[in-house]
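Protein chains in written order, with the numbering used here: chain C, 2 to 106; chain P, 5 to 93.
Quick notes on the structure that follows.
Spelled out as structure tokens, the structure:
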């Protein structure tokens with residue numbers, strides 16, 4: 002059980018490293034944020050699941066689940082606000098209003 | 005194994021720090037801050053696994069909450085500045 006937890010946490014760290022590399026591979030603030038938020042959520046989820054498996058009892062599992070719940074509620078809100086600020090900084094109000102919600106068929 | 009975890013996280017922190025220093029816009033810096041906070045939570049978990057004490061997971065809860073508040077505060081500040089900058093001319 003604890004070996005599996007270690008391997009899962011290690012994989013999560015690698016995913017987090019890939020997220021950090023995405024900050025350099027991608028060219029644009031919004032696409033960088035896509036890398037950071039999504040891969041960061043997956044990486045932290047894997048690290049915390051690995052920690053829960055490593056500890057093996059509810060003292061670890063409960064805390065890992067609490068952190069996971071906090072992250073899953075707060076990360077989308079924070080990234081939405083950040084993306085809105087980025088879009089407002091980059092495009093004008095008229096450009097945002099004129100952009101189609103769905104692509105034309 | 006935990007050493008490799010810490011090494012990967014420190015490399016992620018180094019990349020985030022570089023983007024933080026270089027980032028062309030403020031949004032890039034806040035995104036780098038997001039990665040830094042995520043790596044800090046990962047380091048807290050690594051400390052808990054290395055020492056075998058679940059106390060460090062409580063520290064990770066605090067870091068996660070502070071990261072959320074910091075990101076929202078910076079995003080609101082950038083948002084407000086983009087608004088006022090447009091109204092000025």
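For each residue, glycine too, the CB sits at the ideal point set by N, CA and C.
Computed from a predicted model, the values in this text were never measured in an experiment.
Q. Which value, in whole angstroms, describes the spacing of the CA atoms of residue 46 of chain P and residue 78 of chain P?
A. C-alpha separation (whole angstroms): 22 Å.
Using the C-alpha atoms, what's the distance from residue 11 of chain P back to residue 103 of chain C?
-> Their Cα atoms are separated by approximately 44 Å.
* Can you grab the Cα-Cα spacing for the pair residue 24 of chain P / residue 35 of chain P, in whole Å? => 8 Å
**Boundaries of the alpha helix (DSSP H) in which residue 47 of chain C is found, first to last residue** = For residue 47 of chain C, the uninterrupted alpha helix (DSSP H) segment begins and ends at 30-56.
### Task
Would you kindly report the start and end of the unbroken alpha helix (DSSP H) that includes residue 82 of chain C?
59-91
Anything in the region 31-61 of chain P with a Cβ closer than 7 Å to a Cβ of chain C? List those residues in chain order, please. 31, 32, 34, 35, 36, 38, 39, 42, 43, 45, 46, 49, 52, 53, 58, 61
Legend entry - Candidates C:70, C:94, C:73, C:87: closest to residue 80 of chain P by CA position: C:87
| query | Taking 7 Å as the CB-CB limit, is residue 7 of chain C close to chain P? | reply | yes
Candidates P:54, P:61, P:68: closest to residue 41 of chain P by CA position
P:68
Exercise. Once you ignore the five residues that flank residue 75 of chain P on each side, which residues in its own chain have a CB closer than 8 Å to its CB?
Worked result: 34, 37, 38, 41
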